[in-house]
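If you read the sequence shown in our numbering, its first letter stands for residue 20, the second for the next number, and so on. Report on the structure given below.
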Amino acid sequence: MKPEYKPFVDELIELCIKEDIGDGDHTSLACIPADEHGRMRLLCKQEGTIAGIEIAQLVLQRLDPEMKFEQVLRDGDRVAPGDVAFYVSGRLRSLLQAERILLNIMQRMSGVATQTAVYVKRLEGLHTKVLDTRKTTPGMRVLDKMAVKIGGGENHRMGLFDMVLLKDNHIDFAGGIRPAIAGVRKYLAAKGKNIPIECEVRSLEDIDEVFAAGGVDRIMFDNFTPEMTRKAVEKVAGRCETESSGGITLETMRDYAECGVDFISVGALTHQIKSLDMSLKACE
């Protein structure tokens, strides 16, 4: 986990505990003795790419630092039905409290990682990287981003704070590409900020506008056809990074990648996924 992600993860775990346990797990408190101990295993029930083991361990440690964690698989491993990811032993009350929290996290993260791996596989042999977007589950973005990386993809910006991305609305409201870029450069200089600048373009002519304004770190080709994308990459001629975005599917993405773009951003990595089925059950 990147060090800068840790505060987000810790805060998310606290929220998960608050919403699920509240003032107590009254079912377990009522029928499970406080000193009763046991062992459970995380069982995979579908094929895919597993993700979230590191986070599951943090959940368990937060609920009960005395629990013992026996890791079998690693984040990013391919799994099949019947595979065991880890064993955990400790107080039964703590294990039962952790069950749904860690399953919710791991099932979603594994779904994102599995989906990402499919997209990454489609670009095998090409230099183009698959990027995620900000189309994430509210509050869980850090986990979605981590899962994309585990699945072999790359992360776009975390949010509005770590990259400038001039999209069509910004450009239109600012009065065009040149004034938008000029405004960004002035703002960043005044604030003493050194963050990347990306600019969306909607035509080949827009690319000329970007470089007339002094250029940016990356240009995004928005809703271009593959033919337009090839011409756009030629026009940029390596002067900055390039990214394709908008309406690109698993079936069409290789056509775009073969045009030579550096990145393809795909919202479906995080907002059109199916969670991976798994369970946490008692064992010897």
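We put the CB at the ideal spot given by N, CA and C, even for glycine. If you're wondering where the values come from, they're calculated on a predicted model, not measured in any experiment.
For the beta strand (DSSP E) assignment, the uninterrupted runs of no fewer than 3 residues enclosed by the region 48–97 are, from N- to C-terminal side, 56–63 and 87–90. In this structure, DSSP gives G109 an extended state, which the three-state scheme calls strand.
When the Cα atoms are used, E303 and V98 turn out to be separated by approximately 22 Å. K21 has its alpha-carbon roughly 16 Å from the corresponding atom of G95. Here the alpha carbons of A136 and G71 stand approximately 15 Å from one another. As the crow flies, the alpha-carbon of G67 is around 11 Å from that of M297.
Judged by beta-carbon spacing, R249 lies within the 8 Å limit of C278, meaning their Cβ atoms are closer than that value.
Only residues of its own chain outside the window of five on either side were considered, and among them R258 have a CB closer than 8 Å to the CB of F230, listed in chain order. Taking the C-beta atoms as reference points, A301 is found nearer than 8 Å to G57. The three-state secondary structure of R176, taken from DSSP, is coil.
In chain order, V78, I120, N123 and I124 place their CB closer than 8 Å to the CB of C35, counting only its own chain and leaving out the 5 sequence neighbours on each side. In this chain, the beta strand (DSSP E) harbouring K300 covers M297 to A301.
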